[in-house]
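4 protein chains.
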Amino acid sequence: MISFENDYIAGAHPLVLNRLVETNLENLSGYGSDPYSERAKEKIKRACQCPAAQVELLVGGTQTNLIVISTMLHDHEGVIAAQTGHINVHEAGAIEYTGHKVLALPHTDGKLDPKVLEKYLGDFYADETCTHMVFPGMVYISQPTEYGTLYTLNELTQLSKLCHSCHIPLYLDGARLAYGLMSQETDVTLPDIARLCDVFYIGGTKAGALCGEAVVFTGTKRPEHFITSVKRRGALLAKGRLTGVQFDALFSKDLYFQIGRHAILMAEKLKTIFHQKGIPFYLESPTNQQFVILDNVQMEKLRQQVCFSFWEKYDDNHTVVRFVTSWSTTEDDLKKLELILPEL
Amino acid sequence: MISFENDYIAGAHPLVLNRLVETNLENLSGYGSDPYSERAKEKIKRACQCPAAQVELLVGGTQTNLIVISTMLHDHEGVIAAQTGHINVHEAGAIEYTGHKVLALPHTDGKLDPKVLEKYLGDFYADETCTHMVFPGMVYISQPTEYGTLYTLNELTQLSKLCHSCHIPLYLDGARLAYGLMSQETDVTLPDIARLCDVFYIGGTKAGALCGEAVVFTGTKRPEHFITSVKRRGALLAKGRLTGVQFDALFSKDLYFQIGRHAILMAEKLKTIFHQKGIPFYLESPTNQQFVILDNVQMEKLRQQVCFSFWEKYDDNHTVVRFVTSWSTTEDDLKKLELILPEL
Amino acid sequence: MISFENDYIAGAHPLVLNRLVETNLENLSGYGSDPYSERAKEKIKRACQCPAAQVELLVGGTQTNLIVISTMLHDHEGVIAAQTGHINVHEAGAIEYTGHKVLALPHTDGKLDPKVLEKYLGDFYADETCTHMVFPGMVYISQPTEYGTLYTLNELTQLSKLCHSCHIPLYLDGARLAYGLMSQETDVTLPDIARLCDVFYIGGTKAGALCGEAVVFTGTKRPEHFITSVKRRGALLAKGRLTGVQFDALFSKDLYFQIGRHAILMAEKLKTIFHQKGIPFYLESPTNQQFVILDNVQMEKLRQQVCFSFWEKYDDNHTVVRFVTSWSTTEDDLKKLELILPEL
Amino acid sequence: MISFENDYIAGAHPLVLNRLVETNLENLSGYGSDPYSERAKEKIKRACQCPAAQVELLVGGTQTNLIVISTMLHDHEGVIAAQTGHINVHEAGAIEYTGHKVLALPHTDGKLDPKVLEKYLGDFYADETCTHMVFPGMVYISQPTEYGTLYTLNELTQLSKLCHSCHIPLYLDGARLAYGLMSQETDVTLPDIARLCDVFYIGGTKAGALCGEAVVFTGTKRPEHFITSVKRRGALLAKGRLTGVQFDALFSKDLYFQIGRHAILMAEKLKTIFHQKGIPFYLESPTNQQFVILDNVQMEKLRQQVCFSFWEKYDDNHTVVRFVTSWSTTEDDLKKLELILPEL
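The structure is reproduced here in structure tokens:
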């Protein structure tokens, strides 16, 4: 059955897996002190045009979010996020498990509006009772957002300025960054992100790795004794080579960007198919996630031939569903979908 | 200077303080195992008409909230509260410090609407991704709310039913319960609360004690090894007599209710004064907190003669301020205020 | 029944209680911003000869330990303590509840030997795997210790030097500091402690207050946003006057030291009585806690007329028990004990 | 350079890696709901002869320990371990990060003596102040231990009985279980472990997987909502297939046990070589870790040709070092070592 369920339905991109096979029998030191991890970090710094950055490799997205946030926040601080932010909804309270509040603000298509942030920060510091409240200690955004939408360079710049005027870091969750960077509608580059954010991560799991996320600390605020903090959150891989080799492969010969480009191409074709069939969009995104509205009868029938995911109820007779493309989506998948999809 | 700043501006009610003085030199066991603590607990159970209840005495409100919530929630659960709930705004992230999320829902004048709760619970369990989300594990309400408003018996009954249909406890924060119970507009009694809530606390600090809150577990879900859990949160008083003697006094000869009645009487007179002077209400509550709108010039002048508290900006020229009565408010205070307040 | 059970069997010292009564009806601001709290802090700084110190008032000892330790440690650090340290044994895991390990080292009569500490620190930094271990981030000692013993000025100086050579703070738990400072065998003064420790607390609960401990930060490492951190651990008193007034009284007219002196005088007489009766000491301390060995038959008989506390089994027929004096111990209590105690 | 540094110097066992390659392009559901994970769990239950067990796949050892322990302990409880236990020394305080104390008891060659445990438990419940202490809520042991030693069936049975008499679970850390089960000196089988322990894990990372540990809950005490608890600790793999496929391979055709057998065979030959060369053992273990004493000059020379790990200083001129074998150790490695090692 063809699947548009998400961007982690397949294993690793063949070029990534191949490197794991080729290096498998080498004797390497553990805990990320192997040469592949080193090489991966160097390549990432170069791609970010940020030679002073500190790069760390972790296993998964929620893990990365909780480690970055809990090691950078002070005791009295919480992290600001859009109400739809992954850390606020779909991480089962991982941030709170580390003792910190997610300060959820209203969103616009999954994005945190700089004006909303500005008002919140202004009101907070003007409140006489603020010592009894959670201090804003970081701003979390995701690029692309959970709705596949993108911040513009202008918006990112504004958010960055606001954060820096309050002396708090801006953190960007790049679980799907490959697809954001390669979107046809973006004006934001990886070096832009490295310049404007204090810390961000480059997602591997959703972009062709078996697992792995690369955190990039670009600023001067960096957690000290990071390895120990990672260890005590149960996140230190004994065989650090597993993420090292994979990110070394992803950042060799432009692979990470190729993966993004391919998925975007597939997403554009997918959008065209939906338009041709007259299927209404709930949110037509510039990245690899597309949200369409199906009537419930239609949806049930479709489900027998295609995998996609339920997003939310639209009304009593309609449902919002999500279709996702990735490096593993093929032209053939799209052709099959086109044949299966009903004309409306 | 006369003060309506809050309901904890004075020390203890004289009858409470007197008991501390009378018992001061008695040799008593520590950690709440003294006879006064025992007697206080028995009197509270009687007042609640709930002989099977378990009563525990703690020191402060935030402390009580964090202990009750963190000992009753399971690992995967969070606590639902109105967005304006004390635990969500003014406890500096105390609940999150224990590892749990506050699931904030929209409010109506500080109250959690049963319909809003019902929809939230329905949507949650219908969501296929709910294993990646924080489970609702408790509902927190305050009576009176942070805006001085009150749940009706009907609303409390609905909330209670909703909680029980989902097998989660209903927890009522009664920091100002004395004023809620004695409001002229309430149809809710202390036994009603004991019957409808699984756990609640009877606030002492804001009702005539130097410190102290009495938690009442009415249901079958009770934290085991409570003393140890209290100890490890740094909340166990060596001289447990301090809260024991005070609650014994508060629940002797109807004192707790008298304290509530007096403050309500003072609040009603306060409301009349505001009406006579033509000062607009932001929220005219049935309890001991009143919210009025002052123009900023007026406010600054008033501040030199009366203490009250800033609530929030109303518009560029006006401010919402709060006036609070308590057991220590006197007729004389009101007369002085009447003379000071400008005619509008 | 006469009682030597502990030093918190009675309420407050009459001079302390009296001040609570005298100030009871004053309208004061909450959360420690009242003038009595300010005055208490100033007096404490003066007594410590440390005008640059930051003094904070809290409610209880375990609470103080967990707040000081958790706000001063970094994420990757734990706190070193003697195996018998209060935080390691009798605080129900309060430090661990804040996420940090107690690194327990062997003790000598309740004391941490500077040589033991030196070896531990040396070994730790020499260990190649130390990034996988909890870093020593603070040294906790108690003065007097849980066994009533005292560090000498020389020992304190050595511990202080060791800490500073590793850039970690030295923290002294002074729950019973009054009795340590007034011991006939000590060469350590309050200013010595303020000079050698980075942070310590002056215990009120066990020295004549109803509750209250005064934390003194003497060094440059101080938790920022302390009020917010205190609030989120549920430890901020709404009526901050409760501790403010009490410490103001304790540090007026030498009262704190008088309380200590009286208890020490009583303890010396107690020791004489035990010696005269031929009752063997398990540990004859220079402070207000004395540990003697009773045979079990003797102990059971004695228990019917005197309160004291079980310490530990000595052998199958004997038990170590503890007798404690305090400000509330009277000459009369001692005379009665003398009459009751059997001749051995 | 030949390496005996540890048992995770190489990638995956070729048969394991091969399965990852073969299944790489299949579209599979995420988060462990794929058929390979299911199959792996079934095979593990069969190997344990425990059809009622619940098996869960996680990524690493520290992660597994913290998840199992923190989800099974109650609020007031800690976990008992030998002082040398991995959770007490080399997990950077991961257990404490979850809020729980490790109750460290003296060890014998890395093992927890049932007699030591019995005395501890007896003393704890006899202590009148135990409500102020951390309750023992679980016993943690490792098999093999951190010193490569093994519990006998008799010892395991005694520990199990002691735990069950106190109604607390026995948890066995099997990071290197393959080597324990295949030791020539053990009388303990996998079904024995499943019968005697309430929960244990079968280590993959140190036995031929790239990563992965399989937790087996055998008893009636099982954490509910385990997925959510795993998610909120950042430990849920999006591509659950990664561990599923690997454990499916490890428990196919006896591979897990073959891996253990091979490493044991290599370890026995290694021991012979050391004996022949007259190199003294610090601890000659029955499993895959061997501890020998080298003089420091010898050690430095050897280091240039062989990888091994520093264990601890023996005296000023000697050092304890560790040699480890694994599935990737070859006869050739041993021959080379034999040639390199000096005759003593």
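Chains Z, B, F and D are the protein sequences, given in the same order. Numbering follows the UniProt record's numbering, with no gaps: position 294 of the first sequence is 294. Numbering follows the UniProt record's numbering, with no gaps: position 296 of the second sequence is 296. Numbering follows the UniProt record's numbering, with no gaps: position 74 of the third sequence is 74. Numbering follows the UniProt record's numbering, with no gaps: position 169 of the fourth sequence is 169. Glycine residues also receive a C-beta, built at the ideal position from the N, C-alpha and C atoms. Predicted model, so just to flag it, every value in this text is computed and none were measured.
Determine the burial state of residue i: buried for a count of at least 16 other Cβ atoms within 10 Å of its Cβ, exposed for fewer.
i       : result
T280(Z) : Correcting the residue identity first, residue 280(Z) is Pro in this sequence and not Thr. Answer is exposed; the Cβ neighbour count stays below 16.
A115(B) : Going by the sequence as given, residue 115(B) is Lys instead of Ala. With fewer than 16 other Cβ atoms within 10 Å, it is exposed.
P136(F) : buried
Q143(F) : buried
D332(Z) : exposed
A104(Z) : buried
E300(F) : exposed
D75(F)  : buried
What separation, rounded to the nearest whole angstrom, lies between the Cα atoms of residue i and residue j?
i              : j       : result
V292(F)        : H107(F) : 20 Å
Y314(F)        : L302(F) : 17 Å
G60(B)         : T189(D) : 54 Å
P286(Z)        : F124(F) : 53 Å
T149(F)        : L181(F) : 12 Å
G11(D)         : N154(Z) : 45 Å
L121(Z)        : V320(D) : 57 Å
N288(B)        : I264(B) : 6 Å
residue 349(B) : T62(B)  : The question about residue 349(B) has no answer here: the residues shown for chain B are numbered 1 through 344.
T284(B)        : N88(F)  : One point to set straight first is that residue 284(B) is Glu, not Thr, in the sequence displayed. Rounded to the nearest angstrom, the two C-alpha atoms are 52 Å apart.
L28(Z)         : S33(F)  : 59 Å
L17(Z)         : A40(Z)  : 15 Å
P342(D)        : K336(D) : 12 Å
K119(F)        : Q158(F) : 13 Å
I44(D)         : Q54(D)  : 10 Å
S328(B)        : H164(B) : 39 Å
Just reading off the alpha helix (DSSP H) that residue i is part of, what are its end residues?
i       : result
K115(B) : P114 to A126
R303(B) : N296 to R303
E146(F) : Note, E146(F): premise wrong, no alpha helix (DSSP H); not H, not E.
Y151(Z) : From DSSP, Y151(Z) is part of no alpha helix (DSSP H); its letter is neither H nor E.
V68(F)  : G61 to M72
D315(F) : Unbroken run through D315(F) is the beta strand (DSSP E), S309 to D315; no alpha helix (DSSP H).
For the beta strand (DSSP E) that contains residue i, what are its first and last residues?
i       : result
I80(Z)  : E77 to A82
M182(D) : Element bounds for M182(D): n/a, residue is neither H nor E.
Might you give, ordered along the chain, the residues of its own chain that have their beta carbon closer than 6 Å to the beta carbon of residue i, omitting 5 neighbours on each side?
i       : result
A238(D) : G30
T98(Z)  : L66 and S70
T84(D)  : H107, G110 and E146
L20(D)  : V245
L334(D) : K269
Using a Cβ-Cβ cutoff of less than 8 Å, which residues in the same chain neighbour residue i once the five nearest sequence positions on both sides are dropped?
i       : result
Y171(Z) : V68, I69, M72, V79, M138, V139, Y140, I141, C197, D198, V199 and F200
Y8(Z)   : T205, K206 and S326
M1(Z)   : Q305, V306 and C307
So, for residue i: in the same chain, excluding its five sequence neighbours on each side, which residues have a beta-carbon less than 7 Å away from its beta-carbon?
i       : result
N317(Z) : D295 and N296
L25(B)  : none
L162(D) : P114, L117, E118 and L121
G208(D) : A12, H13, V16, L250, I259 and W327
Report yes if the C-beta of residue i is less than 8 Å from at least one heavy atom of the ligand SAM; otherwise report no.
i       : result
K115(F) : In the structure shown, the ligand SAM is absent, as is every other ligand, since no ligand is present at all.
Problem set entry | the stretch 266–286 of chain F contacting the stretch 226–239 of chain F, beta-carbon criterion three pairs below 8 Å | no
Exercise. Do the stretch 172–185 of chain B and the stretch 122–133 of chain B touch if we need at least three Cβ pairs shorter than 8 Å?
Worked result: no
Exercise. For the stretch 210–221 of chain B against the stretch 44–60 of chain B, are there 3 or more C-beta pairs whose distance is under 8 Å?
Worked result: yes
Exercise. Is the number of C-beta pairs between the stretch 82–100 of chain D and the stretch 250–270 of chain D that are closer than 8 Å three or more?
Worked result: no
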